[in-house]
Structure formats: C-alpha cells, structure tokens
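For what it's worth, the UniProt record's numbering labels the leading residue of the sequence shown as 1, then goes sequentially.
Below is one structure, written out as structure tokens; the observations come after it.
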Amino acid sequence: MERFLSTWFASSVALAFAALILGDHMNISDPNESTLNRVLTVVIVGLVFTIVTSIVGPVVKLLSLPFIILTLGLMLVVINALLLLLTEWITDQFDLAFFVDGFWWAVLASVVISVAQTVVRAIIGD
C-alpha cells in the first residue's frame, strides 16, 4: 500500500510538472478554478494515471514485448504516450479537466513524466 501511495504521489507531481512545462498542450484543470479544486483535479488525475499504468500498462507491455525488443525499447515511449491518452479519455468520462493536445504531445509528455517521476521517487526514497 505504501508503494502505491508513493507512486500516486510521484505521478501527481510529475503530471503537474509536465502540464507546467508543456503549457497549452497539456492542461490539468481549468485555470479559473480555485486552488483547492485544481489540486484535487491533479490528485485525481494522478490516481487514474497510477491505476492505468499499474493495471493496463503491464498487460500492454507483455503483449507488445516483441515490438519492444525489435525497437530496442523505443516502443515503451509510445506505450506510455498511449497510456497517458487513455488516462485523458477516462478522466474525460468523469468530467475532469485533463487535456493532451494529440499523440506527439503525449509522447513528449510521457518523456517529461518519466523523468519527473524518477526525480520525485529519488527524493522520497521509493
């Protein structure tokens, strides 16, 4: 449970950082909302992203293992981008304001999120 909570925290911080870096190409919550609502949206989107990457991610990675080997791991960036777009679709079903501006911005966002998660996990000692 502690590992899930630390992953959730790292994902939430990484998503917020990616949204800050990518500007208008990735938004989490409406800028006109209160700070509490914006933080809650980031936390909920982080939870959905953590669940998607924990449950769907390993299945997709296992099924695409030959392509991952063939592309020397570059397929993992594409898979992470697709998981981010799946998170966007799921949060959209719950009327949460989370937006990624297309596939290539999702690829860039997934790289930023991966680096930010690594830094946050190193800081919190995961």
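Using N, Cα and C, we set each Cβ at its ideal position, and we do this for glycine too.
Check: Given leucine 76 as reference, the closest of Leu62, Thr87 and Glu88 once Cα atoms are compared; Outcome: Leu62
Check: Burial state of phenylalanine 103 (16 or more Cβ within 10 Å); Outcome: exposed
Check: Limits of the beta strand (DSSP E) - the one that phenylalanine 99 falls within; Outcome: 98–100
Check: Methionine 26 (DSSP reduced to helix, strand or coil); Outcome: strand
Check: Chain-order list of residues whose beta-carbon lies under 6 angstroms from that of alanine 16 (same chain, five-residue window excluded); Outcome: Val42
Check: Contact belief for isoleucine 28 with phenylalanine 94 at Cβ below 8 angstroms, rounded distance in angstroms; Outcome: Not a contact, Cβ separation roughly 13 angstroms.
Check: Phenylalanine 67 - DSSP class collapsed to helix/strand/coil; Outcome: helix
Check: Inter-residue Cα distance where the pair is leucine 65 and alanine 19; Outcome: 30 angstroms
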